[in-house]
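Asks:
There are 6 protein chains.
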Amino acid sequence: DFLLALDEVKPAFGADDAELEDAIPYGIMHFSPSIAAILNDGLLYVENVRQQERLRHTAVLLHGPPASGKTALAAHIAMKSGYPFIKIITPASMVGFRDEVAKKDHLHKIFTDAYKSPLSMLIIDNIERIIEWNPVGPRLSNNILQALVTLLQTPPPKGHRLLILATTSRQSVMEQLDISSAFDREIRVPAVQDTRELAAVLRESGAFEGPAGGVDEVLDRVREYTNGERVGVGIKTILTTAETARLSAQPAEWFAEQIAGQIARYNPLRG
Amino acid sequence: DFLLALDEVKPAFGADDAELEDAIPYGIMHFSPSIAAILNDGLLYVENVRQQERLRHTAVLLHGPPASGKTALAAHIAMKSGYPFIKIITPASMVGFRDEVAKKDHLHKIFTDAYKSPLSMLIIDNIERIIEWNPVGPRLSNNILQALVTLLQTPPPKGHRLLILATTSRQSVMEQLDISSAFDREIRVPAVQDTRELAAVLRESGAFEGPAGGVDEVLDRVREYTNGERVGVGIKTILTTAETARLSAQPAEWFAEQIAGQIARYNPLRG
Amino acid sequence: DFLLALDEVKPAFGADDAELEDAIPYGIMHFSPSIAAILNDGLLYVENVRQQERLRHTAVLLHGPPASGKTALAAHIAMKSGYPFIKIITPASMVGFRDEVAKKDHLHKIFTDAYKSPLSMLIIDNIERIIEWNPVGPRLSNNILQALVTLLQTPPPKGHRLLILATTSRQSVMEQLDISSAFDREIRVPAVQDTRELAAVLRESGAFEGPAGGVDEVLDRVREYTNGERVGVGIKTILTTAETARLSAQPAEWFAEQIAGQIARYNPLRG
Amino acid sequence: DFLLALDEVKPAFGADDAELEDAIPYGIMHFSPSIAAILNDGLLYVENVRQQERLRHTAVLLHGPPASGKTALAAHIAMKSGYPFIKIITPASMVGFRDEVAKKDHLHKIFTDAYKSPLSMLIIDNIERIIEWNPVGPRLSNNILQALVTLLQTPPPKGHRLLILATTSRQSVMEQLDISSAFDREIRVPAVQDTRELAAVLRESGAFEGPAGGVDEVLDRVREYTNGERVGVGIKTILTTAETARLSAQPAEWFAEQIAGQIARYNPLRG
Amino acid sequence: DFLLALDEVKPAFGADDAELEDAIPYGIMHFSPSIAAILNDGLLYVENVRQQERLRHTAVLLHGPPASGKTALAAHIAMKSGYPFIKIITPASMVGFRDEVAKKDHLHKIFTDAYKSPLSMLIIDNIERIIEWNPVGPRLSNNILQALVTLLQTPPPKGHRLLILATTSRQSVMEQLDISSAFDREIRVPAVQDTRELAAVLRESGAFEGPAGGVDEVLDRVREYTNGERVGVGIKTILTTAETARLSAQPAEWFAEQIAGQIARYNPLRG
Amino acid sequence: DFLLALDEVKPAFGADDAELEDAIPYGIMHFSPSIAAILNDGLLYVENVRQQERLRHTAVLLHGPPASGKTALAAHIAMKSGYPFIKIITPASMVGFRDEVAKKDHLHKIFTDAYKSPLSMLIIDNIERIIEWNPVGPRLSNNILQALVTLLQTPPPKGHRLLILATTSRQSVMEQLDISSAFDREIRVPAVQDTRELAAVLRESGAFEGPAGGVDEVLDRVREYTNGERVGVGIKTILTTAETARLSAQPAEWFAEQIAGQIARYNPLRG
Ligand SMILES: Nc1ncnc2c1ncn2[C@@H]1O[C@H](COP(=O)(O)OP(=O)(O)OP(=O)(O)O)[C@@H](O)[C@H]1O
Ligand SMILES: Nc1ncnc2c1ncn2[C@@H]1O[C@H](COP(=O)(O)OP(=O)(O)OP(=O)(O)O)[C@@H](O)[C@H]1O
Ligand SMILES: Nc1ncnc2c1ncn2[C@@H]1O[C@H](COP(=O)(O)OP(=O)(O)OP(=O)(O)O)[C@@H](O)[C@H]1O
Ligand SMILES: Nc1ncnc2c1ncn2[C@@H]1O[C@H](COP(=O)(O)OP(=O)(O)OP(=O)(O)O)[C@@H](O)[C@H]1O
Ligand SMILES: Nc1ncnc2c1ncn2[C@@H]1O[C@H](COP(=O)(O)OP(=O)(O)OP(=O)(O)O)[C@@H](O)[C@H]1O
Ligand SMILES: Nc1ncnc2c1ncn2[C@@H]1O[C@H](COP(=O)(O)OP(=O)(O)OP(=O)(O)O)[C@@H](O)[C@H]1O
Ligand SMILES: [Mg+2]
Ligand SMILES: [Mg+2]
Ligand SMILES: [Mg+2]
Ligand SMILES: [Mg+2]
Ligand SMILES: [Mg+2]
Ligand SMILES: [Mg+2]
């Protein structure tokens, strides 16, 4: 029934490849040794699952602060995997479904599709949103939650293998809801930690270059602001703010202020 | 597929232009330097999004006390933008839908329409009402909330750009529900702060003019009432109360009393 | 489209005129100067809305203790207004609808009808019941609440004007649910405050007249009971209790006892 | 339209007359002066409503401990009224309806039927059950509650009159849910208070008569048990327990024990 | 319409007779005088209801610890009654219905069927499960609860009589939910209290007989364990555990251990 | 109807045999004497149920920490049973059903199928997931819970026998929800307790063998970590982690670290 399966499944290349690429608009920058470690870990599981026999699936949770690069890293690992079936499930791909039952059914269908390929990868992005969690109440869709936890723990049929990469910026919520224990392994994705890492990001991205020596000005100001302590802002925030500055021809000063605002937001005690 | 998209989308001019104009019945008065700053900021994002490539969307939250002019300012920015697709989503435009599922679907449809244009702006007015928030319970539509937060964070397809301007008079609720973090930037819209600003508004609107020297009487009375401290009343309240006074030929005294009542309402400790 | 609108809307005269009259079975008695003030205020808004141009609607909340005459006063103002479209929405007119969605749709339809006339008045009676509020839980229909608040704040289309008079005996609930802020103005309707006002009501209604000198006996007994302090009973209670006494030929004593029971109910500390 | 109404309404005599009689299987015994007072009060309202013109309806709540005779008294008043339309709404008549919406619609229909007759009486029995109240939660049907409270306060159309008698053994629940204030008047139905009243009931019912002098034995034992204090057991309990004793040929002793058990139940501190 | 009714109702003999027998697999053993007392009480009500005229129904609640024999005793009473209509409603007979509305309708239908016979008995087994009670929340079906309480208190039509026997192992829940007051009488079914009663059960059942003198060994061990205090284990547990021991050829020791485990479970303070 | 039943039921061999085997990918290792005891106990019930006559069913709960081997042990017992009807109900087999009603119906259908065979076994795996329990709220499907508890306690028709093996890693939840009392017996499945047991597992599985003497290194490191105290990690975790190490050619050190992480997770006070 393997040949049959190949028939039934539309090639994953193309459509989803574009979607994966789209998740990494600024590429992957090596601003810290932890980036290589994460990719290494991810690819280790890619190879591992490929060879599994008695084990037939592995579920990995990438967690870290907002904007720290979780989705991009998962997409990067997927693109490097060479797996014949790759699918990314995002909250955006769920919005069109009527209600939680329809969403749960869609989730189930994607897993069922993945089971048809001998080697599949599913990225489940922002699982706190997939289960419709919101902090007041608290509220969530128990319907989707139950399906998700069950699917995370169920191996595909014999002769098939499945790697699941999920992302979340709410690890504590995952613990609280007992979702964490459905994963075989967790990988922590850090924010940009200090001004040295910030410098690396800005230099690699080419932001604030030119005669004005903007990068140094940015770093000076941020150092002033943090007084040498933790920066703790996600790389996505840094890169998109830098692009905004560039498009609007804003000076380094404006950029530094924005970053300071973000530091205050995520480090309330100091800000 | 761009030409196709132009075909599918009804021209935004006309219908919504009238709606935008209707949101600014008293024009925009420059009673404080912050007004120019807000408009500047807004137009900066208008230009920025127009040029985006890797980034493809930006979501901005205008928040401020009730009646402070949030909707008018968003509408003004939209009218100045020159964007080919502009749509305003208000709680009133949602009332006709049966239930939260129908509302969520409508919201989704509007975003899907916006994605068809190369350059779109969506104004989402009073998002606390869009999600059906009420302070007792507390209650809200998690269905709409999840869709909204997801749509705020999702870029349009490649080659398309989207600017979202949302308004709220309940910023603390946005924080509580973790909606704030879905915005790229927040702009604070202030109330009319002091009697100097109040004077500017009254003079520009032409209220209480004439031989009776009404404006000065108003200011004297309000000064008496506030004892020189913060006024903190929204410009919409001031302008509509002044019009009410004019239509009913009420004296400056009546107007001052009404304003005093509003000050008491929003500054309970003093009133 | 104004002529068209006239066609579409059934004349408000007749049907609703009878309904308005039916809300004032005992007429309006001037037992206190506040009655004239309330009517004055109401008619001021009637004239004001008639002349509105930039402003196109006003929402006024009549609140006061149970039986204080809120509905009768609103109906009286409506009858005096001369508006071409007048409609009264009561909890009784909502009972026949299946559920909160049907009720919400009905509410919306009435507003939509009102928008077709150039000058409309809507009375929304007992809004705490319209939103299905009950004190245990607390519970309410958030569906209807959201529609109501939105409709209260939405002006009719250009060239149309709308005056909304709503009534409630639960002002604190309105504050709690943040419904109050959707009104442009609040008018307080007082109960019958003291024995002097009570005397005025009894005399104007012709109750306890005749040789037996019943009114004085009533007043003496009530004075005894209240020890000269606040009466605080609604005029509807007084008039219907007096009619009950008359129909059953009960003496002044019986009437005074009933009133005392009501005083105890609404002034628990003393009773 | 009065003649028409007569046509549409099936004669109330017959069907409901049997149902009313069925509610008074043991007749009405005058074991205490309060019984005559209650009947008097009830018939006073029967006559009163008959003559109403400006007033068109009255709602009376009969409340008292379980088994105290509330339903029988309401049925008795109805039978004596001579009203052309009488209908009794019991929880049992509601069981067959699918859900709270169907029950609410049924309630509404019965009121609408009553409005067609010029003079109608509705008995609403055990309103705490009609609204589906249960003490855990607490829970109830807000749907039915809202309809009930609204219908209690709504007069029939002009030229029609309506008397509503409702019963409850949960007056405190009525207060809590703000249902009490929808009634024009409350009548308290007492339990059998002391051994003197108990003796009257037993003698009138003919229980424990014969050579064995059973009534005195019962009274002695109950006196012993209560130590001369309050009995507080409903007349229905007394009469059905006596009938059970008679059918099973149980001695006075057995009866006294059962009554003691009931005293303990409703007077927990002493029992 | 009595002859007609006989036509409509399928004979209760046969089908339900087998079901009743099936509820008493081990017969009724007289291990304590309370057993005869309970049966006596039950049959007293059987005869009583048969003769009722003004009274037309009686509802009796059998309550006691789990496995104490409530269902078997109710079934035994029913089999001895000679009533022409007997029906047992168990949670198992409800599982097949879709939801609480379908279950409520089924319950109602069974009562309606019973009303067609001149003399009916309904056994409602484990009413805490019938109302879907579970201790977390707490949760229950208010829909079914309301129907049940109403049906328990409603007499059949004139000329018909109904005896209801209900069972529960959660008397405190019945009190909490105010279900207890819907019963005319409660009968307590005790567990096997002490080793003397345990001996009686084992001897009558023939367990642990033979040369090995097993019964005495069991008793010695249990005495040791309870230190002469209360046993408090239901007879069903004792009989099924003894049968399990016999089928698996387990020694008296194994049996005693199991019983000790049960004692610990239901007497946590000692165990 | 027994022959008929055989016709209606598809042979359990084949399909479910493969499923049972699939639940034991690493076989059953005898790392502790408790394993033999559990299997013995299980098979004792297999034989017991086979011989039952008056008793017709037994329900056994296997509970223990996550990954301790509950499902494998239940499957092993089933495979050894020789029963003609065996069916395993897992959360995964429930995911495809629309909602809790559909799931409940499916559960019911499986029991009804089992009743058709003279001798059936049902494995209900992870019952906390079957009832959709999640720790926040807490939430669960009362619909499924009620059906499950009822089905656990209901014997099949005469001449049929049923053994139910259920598994859970949340025994305290079962107690809280009063599900435990629906079981006739509980069997505790332990985690791998100490380094001696860990050694037995690793040796039997052939992990870390070869010249490098990996097992000893693992044990040394784990001993270091636990300081000689409890290990408390499930055998599934140990075996799959060892396979992961092997597939990725990770050293003993990596494995020991992973195990240490698990110890920390399940023994938070020490870790
Ligand atoms: N080392 C890196 N790791 C991850 N992303 C990187 C890295 N270097 C550059 N990037 C860029 O940073 C961005 C990371 O954004 P991404 O959406 O992955 O963050 P996220 O953590 O998923 O955010 P969110 O919390 O909103 O889901 C991408 O545009 C990516 O191209
Ligand atoms: N500088 C200004 N900014 C905004 N509005 C202004 C300004 N000057 C005059 N206006 C007028 O004030 C009114 C502002 O009303 P608007 O509805 O925008 O307030 P809002 O803050 O959206 O109120 P709400 O809290 O009710 O949503 C408009 O009529 C607008 O024409
Ligand atoms: N000055 C007055 N103001 C209002 N009503 C008056 C006045 N004088 C007499 N009435 C009579 O008193 C009655 C007032 O009843 P109305 O239903 O308006 O009270 P309400 O406050 O709306 O009661 P509820 O709290 O039950 O809604 C009417 O019958 C009206 O004719
Ligand atoms: N004075 C009396 N008042 C009421 N009922 C009486 C009186 N004398 C005798 N009875 C008999 O007592 C019984 C009263 O029962 P009824 O059902 O009216 O009580 P209830 O208070 O409605 O009970 P519940 O609380 O269960 O609704 C009837 O059978 C009635 O015939
Ligand atoms: N005196 C007795 N009373 C009741 N049952 C007895 C007695 N003697 C023997 N038995 C047997 O004991 C068993 C009692 O089980 P039954 O199902 O009636 O208990 P239960 O209290 O209804 O249990 P549950 O709490 O589970 O509903 C039956 O098999 C019955 O044959
Ligand atoms: N003695 C044993 N008992 C159970 N399983 C064993 C044993 N020896 C080896 N195994 C293997 O260990 C694994 C046990 O996994 P299983 O799924 O049964 O654990 P579980 O306790 O059901 O886990 P979960 O808590 O996730 O449901 C199986 O692969 C099985 O082959
Ligand atoms: Mg992401
Ligand atoms: Mg606004
Ligand atoms: Mg009113
Ligand atoms: Mg009654
Ligand atoms: Mg039972
Ligand atoms: Mg398992």
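Chains as they are written, first to last, in the numbering used here: chain A, 27 to 297; chain B, 27 to 297; chain C, 27 to 297; chain D, 27 to 297; chain E, 27 to 297; chain F, 27 to 297. The beta carbon of each residue, even a glycine, is placed where N, CA and C say it ideally should be. Keep in mind the model is a prediction, meaning the values are calculated, not measured.
Step through the CB atoms of chain C and report whether any lies within less than 8 Å of the CB of D:Glu-73.
Replies: Output row for D:Glu-73: interface = yes.
Asks: Cα separation between A:Ile-112 and A:Glu-47?
Replies: Near 13 Å, if we compare the C-alpha coordinates of A:Glu-47 and A:Ile-112.
Asks: Tell me whether C:Thr-193 counts as near ligand 9, meaning its Cβ is closer than 7 Å to at least one heavy atom of that ligand.
Replies: True, at least one ligand heavy atom lies under 7 Å from that Cβ.
Asks: Can you tell me whether B:Asn-160 is helix, strand or coil according to DSSP?
Replies: Strand.
Asks: Which residue comes first and which comes last in the alpha helix (DSSP H) that contains D:Phe-137?
Replies: Start and end: 126–142.
Asks: Could you have a look at C:Ser-231 and say whether DSSP puts it in helix, strand or coil?
Replies: The answer is helix: DSSP assigns C:Ser-231 an H, G or I state.
Asks: In chain E, which residues lie with their C-beta within 7 Å of the C-beta of F:Leu-69?
Replies: Correct list: empty, because the minimum Cβ distance to chain E is about 10 Å.
Asks: Return no unless some Cβ of chain F is closer than 8 Å to the Cβ of E:Pro-117.
Replies: Taking Cβ atoms only, chain F reaches closer than 8 Å to E:Pro-117, which makes this a yes.
Asks: Among B:Ile-150, B:Glu-126 and B:Val-162, which has the Cα closest to the Cα of B:Asn-168?
Replies: It is B:Glu-126 whose Cα lies nearest to the Cα of B:Asn-168.
Asks: So that I know if they touch, is there some Cβ in chain F lying closer than 8 Å to that of E:Arg-155?
Replies: E:Arg-155 counts as touching chain F.
Asks: Quick one: which chain A residues come within Cβ less than 7 Å of F:Leu-273?
Replies: Simply Asn-74, Gln-77 and Gln-78.
Asks: Measure the alpha-carbon distance for C:Gly-185 versus C:Gly-68 and round it to whole angstroms.
Replies: Cα-Cα distance, rounded: 22 Å.
Asks: Return yes when the C-beta of A:Asp-48 is under 7 Å from any heavy atom of ligand 7, and no when it is not.
Replies: Answer for A:Asp-48: no, Cβ out of range of ligand 7.
Asks: Name the chain A residues whose beta carbon is nearer than 8 Å to that of F:Val-298?
Replies: No answer is possible for residue 298 of chain F: it lies beyond the span of chain F, which begins at 27 and ends at 297.
Asks: Can you pull the chain F residues whose beta carbon is under 8 Å from the beta carbon of E:Asp-125, in chain order?
Replies: Here the neighbours are Val-127 and Asn-169.
Asks: Can you find the residues in the same chain that come closer than 7 Å, C-beta to C-beta, to E:Thr-194, ignoring five residues on each side of it along the sequence?
Replies: Excluding sequence neighbours, E:Thr-194 sits near Leu-87, His-89, Asn-152, Ile-153, Glu-154 and Met-200.
Asks: C:Arg-256 by DSSP, collapsed to three states: which one?
Replies: In the structure shown, C:Arg-256 sits in coil (DSSP, three-state: anything other than H, G, I, E or B).
Asks: Do you know how far the Cα of A:Val-257 is from the Cα of A:Ile-289?
Replies: Spanning the two alpha carbons is a distance of roughly 6 Å.
Asks: For a contact defined as C-beta to C-beta under 9 Å, what are the partners of F:Leu-177 on chain E?
Replies: Ala-118 and Val-121, listed in chain order.
Asks: Mind checking C:Gln-78: buried by the 16 CB within 10 Å criterion, or exposed?
Replies: Counting Cβ neighbours within 10 Å, C:Gln-78 comes out buried, since at least 16 surround it.
Asks: Say yes only if the C-beta of B:Asp-210 is nearer than 7 Å to one or more non-hydrogen atoms of ligand 7, and no if none qualify.
Replies: No, since every heavy atom of ligand 7 falls outside the 7 Å radius drawn around the Cβ of B:Asp-210.
Asks: DSSP has E:Phe-205 in a bridge; who is on the other side?
Replies: For clarity, residue 205 of chain E is Ile in the given sequence; the question names Phe instead. In the DSSP output, where bridge partners are listed per residue, E:Ile-205 has none listed.
Asks: What's the C-alpha gap between A:Asp-204 and F:Ala-44?
Replies: For A:Asp-204 and F:Ala-44, the distance between alpha carbons rounds to 30 Å.
Asks: Going by the CB atoms, is the gap between E:Leu-148 and E:Ile-156 shorter than 8 Å?
Replies: It is not a contact, given that the beta carbons lie outside the stated cut-off.
Asks: Below 7 Å, is the gap between the Cβ of B:Ile-61 and the nearest heavy atom of ligand 2?
Replies: Under cutoff, so the answer is yes.
Asks: Once you ignore the five residues that flank B:Gln-284 on each side, which residues in its own chain have a CB closer than 6 Å to its CB?
Replies: So the qualifying residues of the chain are Thr-267.
Asks: DSSP on B:His-84, reduced to helix/strand/coil?
Replies: First, the residue type needs correcting, since residue 84 of chain B is Thr and not His in the sequence shown. Three-state result, B:Thr-84: strand.
Asks: Beta-carbon separation of A:Ile-264 and A:Val-227 under 8 Å?
Replies: Yes; because the gap between Cβ atoms is below 8 Å, this pair is in contact.
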